[in-house]
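Engineer: Quick one: this structure, given as C-alpha cells, is what I'll be asking you about.
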Amino acid sequence: MSIDRNPPPSNRQLLILLGLFVGFVLGVIGLIGWFINGLVGFIPPQVEQKLGAIIVPAYERLAENSDTQQSLDRLLDRLETHLPPEQKEGRNYRLLLLPESTVNAMALPGDAIILYAGLVDRAESENEVAMVLGHELGHFAHRDHLRSLGRILLLRMAIASIFGDAGTWGSIAGSVVESVSRSRYSQSQELAADKFGLDLLQKTYGHVGGATEFFERMSRKVGVDFAFLSTHPDPGDRVAKLKAIIQERGYPIRSIKPL
Ligand SMILES: [Zn+2]
-8 MSIDRNPPPS NRQLLILLGL FVGFVLGVIG LIGWFINGLV GFIPPQVEQK
42 LGAIIVPAYE RLAENSDTQQ SLDRLLDRLE THLPPEQKEG RNYRLLLLPE
92 STVNAMALPG DAIILYAGLV DRAESENEVA MVLGHELGHF AHRDHLRSLG
142 RILLLRMAIA SIFGDAGTWG SIAGSVVESV SRSRYSQSQE LAADKFGLDL
192 LQKTYGHVGG ATEFFERMSR KVGVDFAFLS THPDPGDRVA KLKAIIQERG
242 YPIRSIKPL
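Note that this note's numbering gives residue 196 to position 205 of the sequence shown, counting from 1, and the numbers run on in steps of one.
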C-alpha cells in the first residue's frame, strides 16, 4: 500500500499560509513605519523642500492672490519671528489660501501651510487665525506631516511591489497629493500641536485671547462643511484641554484683534 506523500493542500492549510503571508507583510510594513517614525527627526529641511517641490505645486495652482492672502502672509511672518531658532533655520514657511468653502488647514512638506477660505471666513479675529497657523507650525516643528506622508508612501510602495503593478509606481506621486489632504494625526500629535500654537500665541501677542473661540464656535455649528472635524479632534474636547493648559501655564486672556 502506497501512501501519498504529497496530498493536495487542504483549504485549511491554504488559509494558514495566506494568514502567515498577510501577517508577514503587515509586520514588515509596521516595522518600516516604526523605523520611519524614528528617522523623520533626522530628515534635513533641504530634503523636505525637495519632497515639497513634488507635492506643493498641485496646491499652488489652486491658490489665488488677494488682499486676504497678503495680510495672512504678514501674520505668518509675525508668528515666524517668535519661533524658536531651530524652527527657523533652513525653513521657507509660506501660506497658500485656497478659495474653497471647506473649513480646514493643513501642513504640507516643504513648509507650506494650506488654509481654506472657509476657515478664514468663519474666524472672527486675527488671533483665532494665528492659533490655527500656530497649530500647523507645531505640526512642522514635530514633523508630523513627514510621519504620515512616510507611512502613506510606504504603504503605496508596498502595495505596488507586492502586486507587481508597474502602473501603480507611476501614479504614486499623484495619489500622495490626494492622501496628504486626508491624512490624520493622532490625538497626542494634535494636542502637542495645539500646545505649540498656544505658546506661540502667548509669545506673539503677550496673551492667548482667541485660542479657543474658533473651536468653541465650531463645536456648536451643525451642518458646516467642517473638514477640520474629520482630520482634527472633536473641537469640544479640544477646547476643554486648551483651557486646562491655559490655566496651568497662567497665560492671560486679553481683548482680541479683529481680522
Ligand atoms: Zn492638526
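Where a beta carbon is used, it is the ideal one built from N, C-alpha and C, also for glycine. It should be emphasised that the depicted structure is a prediction, and the values quoted were computed from it without experimental measurement.
(1) Might you give, ordered along the chain, the residues of its own chain that have their beta carbon closer than 7 Å to the beta carbon of F206, omitting 5 neighbours on each side?
(2) Does the beta carbon of H130 fall short of 7 Å from some heavy atom of ligand 1?
(3) Rounded to the nearest angstrom, how far is the Cβ of T203 from that of L250, given a contact under 8 Å?
(4) My output table needs one value for R245: the three-state DSSP class, helix, strand or coil.
(5) Here's the rule: buried if 16 or more other CB atoms are within 10 angstroms of the residue's CB, otherwise exposed. What is G14?
(6) In whole angstroms, what separates the C-alpha of A132 from that of I153?
(7) Just to confirm my understanding: we take L99, look at its own chain, exclude 5 residues before and 5 after, and list those with CB closer than 8 Å. What are they?
(8) From the DSSP output, in three-state form, read off R65 for me.
(9) To which residues does DSSP link I104 through a beta bridge?
(10) Decide yes or no for the touch test of the region 139 to 150 against the region 23 to 33: beta carbon pairs closer than 8 Å, at least 3 of them.
(11) Judging by CA-CA distance, which residue of Q78, G81 and I236 is the nearest neighbour of A183?
Structural biologist: Walking through what the data contain:
(1) Closer than 7 Å at Cβ, skipping near neighbours: P226, R229 and V230.
(2) At least one heavy atom of ligand 1 is nearer than 7 Å to the Cβ of H130, so yes.
(3) At roughly 17 Å, the Cβ-Cβ gap does not stay under 8 Å, so T203 and L250 are not in contact.
(4) R245 sits in coil when the DSSP states are folded into three classes, being neither helix nor strand.
(5) With fewer than 16 other Cβ atoms within 10 Å, it is exposed.
(6) Taking the straight line from one Cα to the other gives about 34 Å.
(7) G43, I46, V47, Y50, I105, H136 and V171, listed in sequence order.
(8) Judged by DSSP in its simplified three-state form, R65 adopts helix.
(9) I104 is bridged to L86 and A98.
(10) Touching, per the Cβ criterion.
(11) Among Q78, G81 and I236, the Cα nearest to that of A183 is on I236.
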